[in-house]
Every structure is written in structure tokens, then in C-alpha cells.
Ligand code: MUC
Ligand code: MG
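Residue numbers (UniProt numbering): 1 to 414.
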């Protein structure tokens with residue numbers, strides 16, 4: 001086949017996008033509120049040669065984690081990004097990103113879902129795993145963290161014990177920042193003492209503390225054995241992040257999450273020595289290629305990386321696993337546990353978790369097969385659900401919660 005005939009097969013023919021609504025197995029509590037369901041946006045994209053690819057962008061609690069929401073993502077894709085890439089050569093990834101940037105500023109989550117579907121479709125049309133288009137894999141598996149975020153210390157310890165016994169997770173991220181800093185330190189202390197050194201502990205404060213609170217409380221958390229401190233201060237508060245990074249005792253590490261989105265953010269953090277680790281997330285960076293760009297800045301600045309999640313289904317999680325598997329440099333595990341937090345999944349066979357590690361799926365594209373009937377079943381347009389709002393009351397009390405009517409009853413994970 002000539003090169004131009006092969007290129008004709010890669011022409012983008014059609015794009016569809018929809019919001020799914022999938023309940024979580026239990027309320028998941030953040031500093032800013034609790035969620036009871038996830039609402040990923042799923043993109044389906046067809047090439048002229050017949051290949052079909054899927055992409056996903058998941059936010060958390062509508063627009064409460066950052067500016068984008070499932071509704072804004074769907075709108076950006078259907079009104080601007082889809083038309084900008086339709087009819088174009090899917091194999092020219094960077095050119096497609098430039099076209100999307102030309103019609104739409106920001107909206108990185110939305111762009112990431114389109115780029116993901118493009119890369120899946122091209123990889124499938126070549127019968128290759130996506131990692132081969134992203135630089136080649138350097139690892140087959142990644143140690144997998146789980147987030148303890150029920151809000152209750154005793155339930156969190158029980159949940160962690162089940163995960164340890166099943167050999168699924170021995171790295172636990174504790175979500176704090178909703179209560180008073182003193183109550184949070186007490187909560188972490190109870191969990192750390194309950195687990196008694198049998199697991200690695202991380203905390204994610206999701207921007208809740210000011211610099212003084214972080215300087216006062218982070219050393220107390222480190223005394224209890226916490227080794228990775230994620231986004232303790234507001235996204236803009238790079239100076240407090242820098243001071244903390246410069247002063248942390250005992251080999252503990254500061255990780256930027258909400259503060260590091262673009263390669264330029266990464267560069268600014270690197271110049272100031274403002275963190276030890278970047279939490280990489282495909283959606284917040286605007287796609288798989290830009291995740292690699294942020295990782296490259298980190299590598300050049302001797303900043304480690306962590307494979308972050310926005311609680312995607314198996315589709316977005318597998319895409320993230322593919323790009324993370326290609327990255328060089330020092331990694332600090334991954335947290336692609338979204339599929340386990342959701343009551344339902346949308347793929348035929350989820351990624352395997354074995355011996356505390358996520359195994360990279362190696363089939364064509366992202367190596368997972370999306371089930372069309374699952375897309376129909378959870379489609380918001382069909383279910384008639386309203387946009388998801390983060391639950392403010394429940395996020396701050398730490399009290400037991402009742403799932404809303406549309407959520408299935410909580411089942412114990414593991
Ligand atoms: C975040 O801020 O890191 C990732 C894991 C989890 O529990 O929440 C997310 C978002
Ligand atoms: Mg985080």
C-alpha cells in the first residue's frame with residue numbers, strides 16, 4: 001500500500017461523545033466535599049479505514065476539582081474540538097493538538113479525551129498497543145495505591161486491612177483537609193498506628209491548608225510515618241509549597257497535583273525547587289503527549305513522577321497506564337484504582353491487579369475492549385440524571401452517609 005493510501009485510511013470520519021453516570025462503591029470524601037458517582041465523558045472516534053477508538057475524561061464533583069465539568073467537556077468536544085479534528089489525518093497527533101488549541105483555549109480535559117480516542121484508533125488500525133506509539137514501554141506493571149476516603153478512621157483501617165489481605169494494595173493515600181487540621185492529624189495518626197508500618201502512607205490535602213497550617217501540621221504527619229504529602233496548599237501558593245519542600249524532615253516528599261497542569265507550570269515549579277514529585281494525570285495535562293511533556297520537564301529537573309488518577313473507568317485508567325509505562329525517571333507508584341471505586345465498569349475485562357501492582361494491558365490500542373451496551377446503559381441522556389454536584393455537607397462532617405437514590409448500595413471494596 002502506498003503512503004497516501006495508508007493515510008487515507010487514517011482520516012477521522014466521525015466523533016461521538018456522551019456523559020456516563022456510574023455510582024461509587026462508597027462516598028469518596030475530599031477536602032471540598034464528597035462524591036457518590038463519577039460522570040466520565042466518553043469519546044468514540046471512527047477512522048475511514050474502519051478502526052474505532054475510545055477516549056475518556058473524568059472530572060470529580062462537577063467543576064469542583066478544577067474548572068472543567070462533564071457538561072463543559074461534552075460541550076467543548078461536540079461544538080469545537082470534534083469539528084476541528086473531523087476530516088483530518090489521525091496519525092498527525094501534534095497537528096491535531098494544534099488545531100484543537102486554535103479553536104479552544106484551555107479545556108485540557110476535553111482535549112485529552114479526543115486525543116486519547118485518536119491514539120486508540122490509530123494504534124488499533126495498526127494492530128499495535130498504544131505504548132508503541134508513545135515511546136515504547138519501560139515497565140510491565142506499576143505498584144498500585146488505594147485511597148482511603150470514607151471519612152471514618154476505623155472504616156478506613158478495615159478497608160486497608162482487606163486490601164492488604166487480598167494483596168491488592170499496600171500503599172494508601174489518605175484524603176484529608178475537610179476537617180480541622182488537628183482532627184485530620186488525629187485521623188491520620190489512628191490509621192498509621194492501626195496499620196503499624198505494614199503499608200506506605202500518603203496524604204492528599206487537595207489545597208485545603210494555608211502555608212502556616214502546612215508548616216505546623218505536615219511535620220506531625222511525617223512523625224506518624226507519612227512519606228508523601230500531596231498538594232497541601234492552594235494551587236496558586238507555590239511559595240508555601242517551595243518553603244515546605246525546602247524544610248521537610250526525614251526524606252519525606254512534597255508532591256504537586258493541582259499546581260502542575262501544563263509544561264509551563266512544571267517549568268515554574270522546577271525553577272523554584274517547589275516540589276519533589278509531580279502527580280501526572282492525562283486529563284489535567286491535556287492528553288497523553290502533554291503528559292510526556294510534563295514528565296520530561298520533571299526528568300530534566302530531577303523531579304520524580306507519580307501516576308495519578310481522576311478516578312477514570314478502565315478505559316481512561318488503561319490509557320494512563322500505557323503512557324506511564326513509557327516514562328523514564330524516578331516513579332513513585334500509581335493510583336489508577338478508579339475502576340475499583342466504581343460500581344460498574346465499561347470494558348469486557350478490567351486490568352489485572354496482582355501482587356500489589358497494576359498489570360499493563362497489552363492488546364491493541366489501550367488493550368481494553370469497551371462494551372457498547374455499557375455505554376448505552378450508563379448514558380446520562382438515557383438515564384435522565386442531572387449534573388453531579390459535590391456534596392458539601394457530607395464532605396465536612398466525616399459522618400456516615402447515605403448514597404443518593406441513583407447510587408447502588410455500597411459494597412465493601414476488595
Ligand atoms: C486527586 O486529587 O488526587 C485521585 C485519587 C483520589 O482519591 O482522588 C483523586 C484526585
Ligand atoms: Mg490530588
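Ideal Cβ placement from N, Cα and C applies to all residues, glycine included. Values in this document were obtained by computation on a predicted structure and should not be read as measured data.
*When every heavy atom of the ligand MUC is checked, does at least one fall within less than 7 angstroms of the C-beta of residue 206?*
yes
*Using a Cβ-Cβ cut-off of 6 angstroms (strictly less than) and excluding sequence neighbours within five positions of residue 51, which residues of its own chain qualify?*
121, 124, 125
*Does the Cβ of residue 1 have 16 or more other Cβ atoms within 10 Å, making it buried, or fewer, making it exposed?*
exposed
*Of the choices 218, 268, 370, 331, whose alpha-carbon is the least far from that of residue 348?*
370
_residue 356 versus residue 337 - alpha carbon distance_ = 11 angstroms
*Measuring CB to CB, does residue 263 end up less than 8 angstroms from residue 318?*
The criterion of a C-beta distance shorter than 8 angstroms is not satisfied by residue 263 and residue 318.
*For residue 47, which residues from the same chain have a beta carbon less than 7 angstroms from its beta carbon, with the 5 sequence-adjacent residues on both sides left out?*
9, 10, 11, 12, 13, 90, 121, 125
*Of the listed residues 24, 290, 188, 171, nearest to residue 178 (C-alpha basis)*: 188
*Span of the beta strand (DSSP E) holding residue 252?*
Neither: residue 252 is in no beta strand (DSSP E) and is coded neither H nor E.
*What are the boundary residues of the beta strand (DSSP E) that includes residue 64?*
Unbroken run through residue 64: none, as it is neither H nor E.
*Would you mind sorting residue 339 into buried or exposed? The rule is 16 or more other CB atoms within 10 Å of its CB.*
buried
_Taking the straight line between their C-alpha atoms, what separation do you get for residue 176 and residue 146?_
14 angstroms
*Which word fits residue 316, buried or exposed, when buried means at least 16 other C-beta atoms lie within 10 angstroms of its C-beta?*
buried
*Nonlocal neighbours in the same chain, by C-beta distance under 6 angstroms from residue 28, ignoring five residues either side*: 35, 149, listed in sequence order.
*Take the Cβ of residue 231 as the centre, count every other Cβ of all protein chains shown within 10 Å, and call the residue buried at 16 or more, exposed below.*
Under this definition residue 231 is a buried residue.
*Going along the chain, which residues of its own chain have a beta-carbon closer than 6 angstroms to the beta-carbon of residue 103, five neighbours each way excluded?*
The beta carbon of residue 103 lies closer than 6 angstroms to those of 80, 84 in the same chain, with the five residues before and after it left out.
*Short Cβ contact (8 angstroms threshold) for residue 116 with residue 61*: no
*Using a threshold of 7 angstroms, is the CB atom of residue 230 nearer than that to any non-hydrogen atom of the ligand MG?*
yes
*Can you find a heavy atom of the ligand MG that lies under 7 angstroms from the Cβ of residue 317?*
no
*Apply the 10 Å Cβ neighbour rule to residue 394 and answer buried if 16 or more other Cβ atoms are within range, or exposed otherwise.*
Here the model assigns residue 394 a pLDDT of 45, short of 50, so the residue's position is not dependable, and the following value carries that caveat. Residue 394 is buried by the Cβ-count criterion.
*Measuring CB to CB, does residue 260 end up less than 8 angstroms from residue 269?*
yes
_Status (buried if at least 16 other CB within 10 Å, exposed otherwise) for residue 326_ = buried
*Would you check whether the ligand MG has a heavy atom nearer than 7 angstroms to the C-beta of residue 31?*
no
*asked:* If distances are taken between C-alpha atoms only, which option among 235, 257, 77 comes closest to residue 277?
replied: 257
_Beta carbon of residue 113 nearer than 8 angstroms to that of residue 41_ = yes
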